[in-house]
Structure formats: C-alpha cells, structure tokens
Amino acid sequence: LSDLGSGKPMNRLVCGDVGFGKTEVALRAAAAVALAGKQVIVVAPTTVLARQHFEVFRRRFRDTDVQVGHLSRAADGAEARSVKEGLADGSLRIVVGTQALASAALRFADLGLGVIDEEHRFGAQMKADLAQKAPHLLSMSATPIPRTLQSAMVGVQDVSIIASPPARRRPIRTFMTAFDPAAVRLSLLREKDRGGQSFVVVPRIE
Numbered sequence: 322l323s324d325l326g327s328g329k330p331m332n333r334l335v336c337g338d339v340g341f342g343k344t345e346v347a348l349r350a351a352a353a354v355a356l357a358g359k360q361v362i363v364v365a366p367t368t369v370l371a372r373q374h375f376e377v378f379r380r381r382f383r384d385t386d387v388q389v390g391h392l393s394r395a396a397d398g399a400e401a402r403s404v405k406e407g408l409a410d411g412s413l414r415i416v417v418g419t420q421a422l423a424s425a426a427l428r429f430a431d432l433g434l435g436v437i438d439e440e441h442r443f444g445a446q447m448k449a450d451l452a453q454k455a456p457h458l459l460s461m462s463a464t465p466i467p468r469t470l471q472s473a474m475v476g477v478q479d480v481s482i483i484a485s486p487p488a489r490r491r492p493i494r495t496f497m498t499a500f501d502p503a504a505v506r507l508s509l510l511r512e513k514d515r516g517g518q519s520f521v522v523v524p525r526i527e
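For the sequence shown, the numbering used here begins at 322 and goes up steadily by one.
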C-alpha cells in the first residue's frame, strides 16, 4: 500500500515459500487498485495456475462490484471476446490469465497494476512488455532467477521476503539418510493412512 501511494511506479518482488501468502499479498494489492477504479492484470505461467488464481480472485471479490475475468487458451471464443471488450470499456476491473495478457492487441481503459506470479517462468522481454503496460508491477516467486535477484540487490527492483509461515502451517521436516527399504515402506504407509500423497523420485526408471 505504501508503494502504491508513494507517487512513483512500484516494481516490487515478493519472495516466499509455497503457501506462505504471496497470493494473499497479490489479492490485497489488486483490491486496493480495483476499488480505486483502475484495472489489474494477473499473469500466471500455465493455464492450470491461471484458472486456479481466477477461481480464488472471483471468490474473494464475489461480494463486491469488482468484475473478474479470465483469459488464456482454456477460455472459449465467446469468453475471450467478452473479456477483451470489458477491458477496453473499463467494465472489467481484474483479469487473470497467461502470457496472452502481454499481447499488444489488448486494450485497457485504465490499467493500474500488473501482477506476475512465478516470475522466474517468464522471459525478460515479456516482463518488460508488461511493465510498459502497467504503471505498477508486483512480481512473485518462491525461486527467483539470478537476473531478478541481481536487479533487486542493485536497487532496480524492490524486494520483500515473507520468511514466516502462516500460523497453523506445520514446518517442513527433511531427513537425509542411507536408503532403507523398510523405512521407505513405513513412511509411505503412514502417509497413505492419513490420506496424503507421496512422490518417489528415482534416477533410473528401471
């Protein structure tokens, strides 16, 4: 909020582990901008993640007059046309999608904020194009690329780190041990009994 009200363009990177609240920061920034009458674009690297974000944003803004749209390859022709028209005439305040949102053909009535999730998955040119479209830019990543970290360290980009997990989040426990089939079996069965999922990663499929 301080960035948005500072009178100069925001270019902030928010770093934090998965589930630490980066999306919540994006939701609140989008709310501040959209409720002030400007438009927001939220860009995700995949259609699946874009759809997830769209559902979250739509649910959060359900009881307001802020309209949320979705634009990606998963959107059908009628939906895409409706979103483009809404962005052009200003009736659509927030749009969530993939890199389709960086298209030069898209027209905005009054774009105020660009949000890039998993910024390490996008190229420098596309991020520059988005920065040209929106006066304020908020990037988020759990694993920022060295180029991004360098720009943050030299002051080209501001950076915030979310280092503390949510209150009820249990800490991750990591064990590195010699391979023991009995221990692996016990761990997998324990996870199955609690209804959880497991991944077994091996160097050779044979």
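Ideal Cβ positions, reconstructed from N, Cα and C, are used throughout, including at glycine.
Nearest residue (CA-CA) to residue i, options the options
i	options	result
residue 324	375, 346, 337	346
residue 385	415, 490, 369	415
residue 449	326, 420, 512	420
residue 532	372, 483, 362, 422	Nothing about residue 532 can be reported from this structure: the residues present for the chain run from 322 to 527 only.
residue 442	427, 428, 429, 465	465
residue 362	383, 427, 326	427
residue 371	524, 387, 344	344
residue 440	366, 517, 326, 327	366
Separation of residue j from residue i, as counted between CA atoms
i	j	result
residue 350	residue 522	38 Å
residue 451	residue 364	9 Å
residue 398	residue 425	18 Å
residue 389	residue 401	13 Å
residue 485	residue 393	33 Å
residue 527	residue 404	48 Å
residue 447	residue 423	7 Å
residue 525	residue 387	51 Å
residue 368	residue 512	30 Å
residue 489	residue 413	35 Å
Spatial neighbours of residue i in its chain, beta-carbon cut-off 6 Å, leaving aside the 5 residues before and after
i	result
residue 463	338, 339
Contact set for residue i: own chain, Cβ-Cβ below 8 Å, skip 5 residues either direction
i	result
residue 487	340, 341, 342
residue 492	486
residue 348	377, 378, 381
residue 514	none
Residue environment, residue i, which counts as buried when at least 16 other CB atoms sit within 10 Å
i	result
residue 460	buried
residue 417	buried
residue 438	buried
residue 445	exposed
Chain-order list of residues whose beta-carbon lies under 7 Å from that of residue i (same chain, five-residue window excluded)
i	result
residue 322	353
residue 509	519
Next item on the list: Spell out a yes or no on whether the segment 393 to 413 and the segment 433 to 447 are touching, meaning 3 or more CB-CB pairs, one atom from each, closer than 8 Å.
Entry: The segment 393 to 413 is not in contact with the segment 433 to 447.
Check: Contact between the segment 449 to 457 and the segment 325 to 333: three or more CB pairs below 8 Å?
Finding: Taking 8 Å as the limit for Cβ pairs, the verdict is that the segment 325 to 333 does touch the segment 449 to 457.
Notebook entry, point to check: Taking one C-beta from the segment 505 to 514 and one from the segment 358 to 377 each time, how about it: are there three or more such pairs within less than 8 Å?
Noted result: Not touching, per the Cβ criterion.
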